[in-house]
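Note that this note's numbering gives residue 93 to position 93 of the sequence shown, counting from 1, and the numbers run on in steps of one. C-beta atoms are modelled at their ideal positions from N, C-alpha and C, and glycine is treated no differently. Bear in mind that the values here come from a model prediction, so they are computed numbers and not experimental data. Step one of this worksheet: look at the structure below.
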Amino acid sequence: MTAARIALVTGANQGLGFALVAGLAARLGPDDLVLLTGRDPRRVADAAAEVAAAEGTRSRVEGRVLDVSDADAVARTAAELGERHGGVDIVVSNAIAPLTPDRPQSAQADQFIDVANGGTHAVLRSFTPILRPGGRLVVVASSLGTLGRLDPSLHPLFDGASLDEVAAVVESWRAAVHDGTAARQGWPRWINVPSKVAQVAAVRAVAAQRRERDLAEGTLIAAVCPGMVDTRASRPWFDDYSQAQTPEQAARAVLDLILADRVDPASYGELVRFGQVLPWHGGTPARYQDDLLIP
Numbered sequence: 001m002t003a004a005r006i007a008l009v010t011g012a013n014q015g016l017g018f019a020l021v022a023g024l025a026a027r028l029g030p031d032d033l034v035l036l037t038g039r040d041p042r043r044v045a046d047a048a049a050e051v052a053a054a055e056g057t058r059s060r061v062e063g064r065v066l067d068v069s070d071a072d073a074v075a076r077t078a079a080e081l082g083e084r085h086g087g088v089d090i091v092v093s094n095a096i097a098p099l100t101p102d103r104p105q106s107a108q109a110d111q112f113i114d115v116a117n118g119g120t121h122a123v124l125r126s127f128t129p130i131l132r133p134g135g136r137l138v139v140v141a142s143s144l145g146t147l148g149r150l151d152p153s154l155h156p157l158f159d160g161a162s163l164d165e166v167a168a169v170v171e172s173w174r175a176a177v178h179d180g181t182a183a184r185q186g187w188p189r190w191i192n193v194p195s196k197v198a199q200v201a202a203v204r205a206v207a208a209q210r211r212e213r214d215l216a217e218g219t220l221i222a223a224v225c226p227g228m229v230d231t232r233a234s235r236p237w238f239d240d241y242s243q244a245q246t247p248e249q250a251a252r253a254v255l256d257l258i259l260a261d262r263v264d265p266a267s268y269g270e271l272v273r274f275g276q277v278l279p280w281h282g283g284t285p286a287r288y289q290d291d292l293l294i295p
């Protein structure tokens, strides 16, 4: 990586994103810049000021308003950073929209998909071209993002798909959620599962086109599963949080992957949890009862 590094984290006002910004700011150098991004200007400014003033912060921290569901806004931000700094070194796509069990999934699908999937696609399209040699681009997903979590009839839709094809599948699935045919087509009831699979598929699609060059330059593109994290977004879905991590604890393994001196080729383009690759075809189709995941 370059001596003065540029890092950007999406969805960083709170929770894991905030912890990732704080961790980067503590572990990068005084010449480096960490951009904390989110949709709400006041929350972005307050969060960036909190990290900048925290004990242990070493690098520069700035807030930047960015709605990842707006692909044009993502493209403009990437173009600006490319022009001003010559590229970026670390990008973490972490933004997610809230999903709660007290409302129909179809009523929440558009915002959730626009942020989680549209945002992932926009970040991949706009930031991989300006990722400097030796850089890191990481998409925060989950262990639900392995292909085996879907019914086998759906596997061909994602397996080996290009980024454009993944985006098209997401839109077809979104339409099925709205017209009530998703279950008949084999899609799980909980929209988080297809969304996570599509995120990982998008990472794999981009990585497949860049693998040889990126590995030669020490560059990493990957998806990560941070494990169960106790956050405002996850609390409505689970009763037992005795094994959950704090955002700060969950950020450590992600930061270790991002800041590792060398890239493990086995991790490139894959879904990584606590340093271990989760096999793309692994896992079993999720089962549901009353909209809650049954492991």
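Discussion item. What does DSSP give as the partner residue(s) for S93 in the beta ladder?
Written reply: Bridge partners of S93: V139.
Discussion item. With H, G and I counted as helix, E and B as strand and the rest as coil, what does DSSP make of L293?
Written reply: The pLDDT assigned to L293 is 46, lower than 50, so where the model puts this residue is not dependable, and the model offers no usable value.
Worksheet item: Is DSSP giving V123 helix, strand or coil here?
Response: Residue state, collapsed to three classes: helix.
Worksheet item: In whole angstroms, what separates the C-alpha of H155 from that of E270?
Response: 16 Å
Worksheet item: Which of the three DSSP states, helix, strand or coil, is assigned to R39?
Response: coil
Item to complete: Take I346 and list the residues in its own chain whose beta-carbon comes closer than 7 Å to its own, dropping the five residues that flank it on each side.
Response: Nothing about residue 346 can be reported from this structure: the residues present for the chain run from 1 to 295 only.
Worksheet item: What residues are listed by DSSP as bridge partners for V224?
Response: V140 and V272, per the DSSP bridge assignment.
Worksheet entry | Rounded straight-line distance, which links the Cα of A122 to that of D67 | 11 Å
Discussion item. Less than 7 Å between C-beta atoms, sequence neighbours within five positions excluded: which residues of the same chain meet that for L28?
Written reply: R5, A7, V34, R58 and S59
Worksheet item: Per DSSP, what kind of secondary structure is A19 in: helix, strand or coil?
Response: helix
Item to complete: Tell me whether I191 sits in a helix, a strand or coil according to DSSP, three-state version.
Response: coil
Practice prompt. Return yes when the Cβ of V9 is within less than 7 Å of the Cβ of N117, no when it is not.
Written response: 7 Å or more divides the Cβ of N117 from the Cβ of V9.
Worksheet item: By Cβ distance, which residues of its chain are closer than 8 Å to Q289, with the 5 residues on each side in sequence left out?
Response: Reliability of the predicted coordinates at Q289 is poor, the pLDDT of 41 falling under 50, and no value is obtained from them.
Discussion item. Could you compute how far the alpha carbon of L293 sits from the alpha carbon of T181?
Written reply: Low confidence applies to L293: its pLDDT is 46, below 50, so where it sits in the model is not reliable, and the reading given next is rough at best. Roughly 20 Å separates the two Cα atoms.
Practice prompt. Just tell me which of R149, R64, A168 and A71 has its CA closest to the CA of R42.
Written response: R64
Fill in: Inter-residue spacing [alpha-carbon to alpha-carbon] between K196 and P285
13 Å
Worksheet item: S142: which of N192, A26, V263 and R262 sits nearest, CA to CA?
Response: N192
Practice prompt. Measure from the alpha carbon of V74 to the alpha carbon of each residue in A107, P98, G134 and G119, then state which is nearest.
Written response: Checking every option, the nearest Cα to that of V74 belongs to G119.
Worksheet item: Is the CB-CB distance between A12 and A251 below 7 Å?
Response: no
Fill in: Enclosing beta strand (DSSP E) for G148 [first to last residue]
The continuous stretches of beta strand (DSSP E) do not include G148, and DSSP gives it neither H nor E.
Discussion item. Checking the sheet assignment: what are the DSSP bridge partners for A7?
Written reply: DSSP lists V34 and I90 as partners of A7.
Item to complete: Would you kindly check if the distance between the Cβ of V206 and the Cβ of L147 is under 7 Å?
Response: no
Discussion item. Determine whether the beta carbon atoms of A22 and V44 lie at a separation below 7 Å.
Written reply: no
Item to complete: Could you tell me whether the segment 98-111 touches the segment 157-165, where touching means 3 or more Cβ pairs closer than 8 Å?
Response: no
Worksheet entry | Simplified DSSP assignment, three categories, for R103 | coil
Worksheet item: Who does E62 pair with in a DSSP beta bridge?
Response: L35
Worksheet item: Helix, strand or coil for R132 per DSSP?
Response: strand
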